[in-house]
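**Student:** First the structure, which I've put down as structure tokens, then a few questions once you've had a look.
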Amino acid sequence: MSVITELQVAPDAFKLGRLMRLRDHATVVLERMVPLGQTPVAFFRVRDEDRDTFEEALTDHPSVETVTRLQRREGETLYALEWTAPRDHFFGAMRATGAQLVSATGTPDSWTFELRFPSHEALSRFHERCAAADVSVTVDRLYTPTAPGAGPWFGLTPEQRTTLVSAVHGGYYDIPRGMSTQDLADEYDISDQAITERLRRGIASLVTHTLSATDVVEE
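Using this note's numbering, count along the sequence shown one by one with no gaps and you end on 219.
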């Protein structure tokens with residue numbers, strides 16, 4: 001059975017983190033990578049207020065091949081970043097153990113990764129590879145996806161559950177929208193970015209514990 005872990009990695013512990021060189025309060029969200037290989041393309045969501053910092057960090061970097069703005073929507077820009085990736089022990093450990101990227105968020109101080117492994121054994125091998133390469137990771141959360149109906153909240157935290165319920169009842173997912181992320185942020189007295197992250201992680205947990213929960217790992 002697969003297992004999901006949420007872990008922290010220092011920006012200087014892996015090559016992509018060092019390449020980003022984030023500063024101030026900039027936050028970027030790594031949506032996906034295609035592929036996790038020698039010349040990957042990474043897709044990032046960046047808030048408008050962090051866009052200049054993000055682009056400046058990548059300007060003239062010798063490893064960066066292209067940075068392309070793909071789409072701007074609701075105060076965020078989606079980028080495609082292609083770079084020449086020398087051997088990276090962190091992503092190499094992911095690739096070698098079959099880890100799937102669920103989400104990743106980077107700040108100047110730390111990166112938070114949510115990774116799905118095909119088994120507990122694969123997760124153990126991942127940690128062994130990271131330790132052997134002196135890549136320090138800190139595990140914040142570890143859980144095994146449950147089958148639909150096995151639990152009342154399908155892996156959601158109480159905050160994620162109440163926020164998602166408020167978003168649905170308030171019309172956030174309607175067309176046109178009946179409320180914005182700022183409306184939700186005001187309701188819970190947190191930042192717009194925090195609400196966006198809470199919704200994103202909540203939806204990821206729902207999909208993991210429902211649509212993806214029936215995956216069977218063949219030994």
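Every residue, glycine too, gets a C-beta built ideally from N, C-alpha and C.
Give me the residue from 26, 164, 206 with the minimum Cα distance to residue 54.
**Tutor:** Position 54 of the sequence shown holds residue 54. Selected option, being the one with the closest Cα: 26.
**Student:** Identify which residue in 169, 92, 120 has its Cα closest to the Cα of residue 133.
**Tutor:** As a working mapping, residue 133 is identified with position 133 in the sequence shown. Closest by alpha carbon: 92.
**Student:** From residue 178 to residue 84, what distance separates their C-alpha atoms?
**Tutor:** To locate residue 178, count along the sequence shown from 1; it is residue 178. To locate residue 84, count along the sequence shown from 1; it is residue 84. Computed Cα separation, rounded: 43 angstroms.
**Student:** Take residue 88 as the anchor and find which of 17, 73, 43 has the nearest alpha-carbon.
**Tutor:** Reading the sequence shown from its first residue, position 88 is the one you call residue 88. Closest option to residue 88, Cα to Cα, is 17.
**Student:** For residue 91, which of helix, strand or coil comes out of DSSP?
**Tutor:** Counting from 1 along the sequence shown, the entry for residue 91 is found at position 91. Helix.
**Student:** For residue 62, which option in 19, 45, 77, 102 has the closest C-alpha, if you only look at C-alpha atoms?
**Tutor:** As a working note, residue 62 is residue 62 in the sequence shown. Comparing Cα-Cα distances from residue 62 to each of 19, 45, 77, 102, the minimum goes to 19.
**Student:** Does the contact criterion of 3 or more C-beta pairs under 8 angstroms hold for the region 123-138 versus the region 95-110?
**Tutor:** Enough Cβ pairs lie closer than 8 angstroms, so yes.
**Student:** Can you tell which of 106, 116, 80 has its C-alpha closest to the C-alpha of residue 95?
**Tutor:** Mapped onto the sequence shown, residue 95 falls at position 95. If we check each option's Cα against that of residue 95, 116 comes out closest.
**Student:** Residue 29: which of 197, 183, 163 sits nearest, CA to CA?
**Tutor:** Residue numbering aside, residue 29 sits at position 29 when the sequence shown is read from its first letter. When each option's Cα is compared against that of residue 29, the closest is 197.
**Student:** Expressed to the nearest angstrom, what Euclidean distance is found between the alpha-carbon atoms of residue 70 and residue 114?
**Tutor:** Locating residue 70 in the sequence shown gives position 70, counting from the first residue. Locating residue 114 in the sequence shown gives position 114, counting from the first residue. If I take the Cα positions, the gap works out to 24 angstroms.
**Student:** Using a 10 Å radius around the Cβ and a threshold of 16 neighbouring Cβ atoms, would you call residue 52 buried or exposed?
**Tutor:** Working through the sequence shown from its first residue, we reach residue 52 at position 52. Exposed: under 16 other Cβ atoms inside 10 Å.
**Student:** Take the Cβ of residue 202 as the centre, count every other Cβ of all protein chains shown within 10 Å, and call the residue buried at 16 or more, exposed below.
**Tutor:** The residue labelled residue 202 in the question sits at position 202 within the sequence shown. The residue is buried, with at least 16 neighbouring Cβ atoms inside 10 Å.
**Student:** DSSP on residue 46, reduced to helix/strand/coil?
**Tutor:** On the sequence shown, residue 46 is found 46 positions in, with the first residue counted as 1. Three-state result, residue 46: strand.
**Student:** According to DSSP, residue 104 sits in a beta bridge with which residue or residues?
**Tutor:** Translated into positions along the sequence shown, residue 104 becomes position 104. Answer by DSSP bridge pairing, in chain order: 30, 113.
**Student:** Identify the continuous beta strand (DSSP E) that holds residue 137 and give its terminal residues.
**Tutor:** Here residue 137 refers to the residue found at position 137 of the sequence shown. Taken as a continuous stretch (DSSP letters only), the beta strand (DSSP E) holding residue 137 covers 137-143.
**Student:** Give the secondary structure of residue 175 by DSSP, where H, G and I count as helix, E and B as strand, and everything else as coil.
**Tutor:** Taking the first residue of the sequence shown as position 1, residue 175 is located at position 175. Coil, per DSSP.
**Student:** What is the residue span of the alpha helix (DSSP H) that residue 22 lies within?
**Tutor:** As a first step, residue 22 is located in the sequence shown; it is residue number 22 there, counting from the start. Careful: residue 22 lies outside any alpha helix (DSSP H) and carries neither H nor E.
**Student:** Is the separation between the beta-carbon of residue 204 and that of residue 184 shorter than 8 angstroms?
**Tutor:** Translated into positions along the sequence shown, residue 204 becomes position 204. Translated into positions along the sequence shown, residue 184 becomes position 184. In this structure, residue 184 does not lie closer than 8 angstroms to residue 204 by Cβ.
**Student:** Where residue 31 and residue 49 are concerned, what is the direct C-alpha to C-alpha distance, given to the nearest angstrom?
**Tutor:** Here residue 31 refers to the residue found at position 31 of the sequence shown. Here residue 49 refers to the residue found at position 49 of the sequence shown. For residue 31 and residue 49, the distance between alpha carbons rounds to 19 angstroms.
**Student:** On the premise that residue 46 lies in contact with residue 77, defined as a C-beta separation below 8 angstroms, what is that separation, rounded to the nearest angstrom?
**Tutor:** As a first step, residue 77 is located in the sequence shown; it is residue number 77 there, counting from the start. As a first step, residue 46 is located in the sequence shown; it is residue number 46 there, counting from the start. Right, their Cβ atoms sit about 5 angstroms apart.
**Student:** Consult DSSP for residue 156 and reduce its assignment to one of helix, strand or coil.
**Tutor:** Walking along the sequence shown from the start, residue 156 turns up at place 156. Three-state DSSP puts residue 156 in coil, outside helix and strand.
**Student:** Could you pull out every residue in the same chain whose Cβ sits closer than 7 angstroms to the Cβ of residue 160, ignoring the five residues on either side in sequence?
**Tutor:** By 1-based counting over the sequence shown, the position of residue 160 is 160. Taken in chain order, the residues that qualify are 198, 201, 202, 205.
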